[in-house]
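Structure record follows, encoded as structure tokens.
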Amino acid sequence: MIKKYEYQTKSIDAKSWNGGKVDVEELDKVLNEMGSQGWRLVEKTATNMGDGSTYYLYCTFEREMG
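Sequential numbering of the sequence shown, starting at 3, is according to my numbering.
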């Protein structure tokens, strides 16, 4: 039987008008909420400025369908 998956991406905003640090408490909240619904984090990507400040952290989750 072939396994099938569905995916969902969430963005976490860095709390600053020009980028900054991701709020770890907010990130934990999103990760725990998604995990409790059966989602598994498979990828994270930060969008950065040239100086390294983070605007958003994109988290992609997957879970098996069926």
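C-beta: ideal position from N, C-alpha, C; glycine also. Keep in mind that this is a model prediction, so the values were computed, not measured.
Query                                                                         : Result
Whole-angstrom distance between residue 67 and residue 46, CA atom to CA atom : 21 Å
Residue 22 in three-state terms, based on DSSP                                : strand
Distance, residue 4 Cα to residue 38 Cα                                       : 24 Å
Any non-hydrogen atom of the ligand NAD within 8 Å of residue 28 CB           : Annotation note on the ligand NAD: not contained in the displayed structure, which lists no ligands.
Residue 12 and residue 61 closer than 9 Å at C-beta                           : yes
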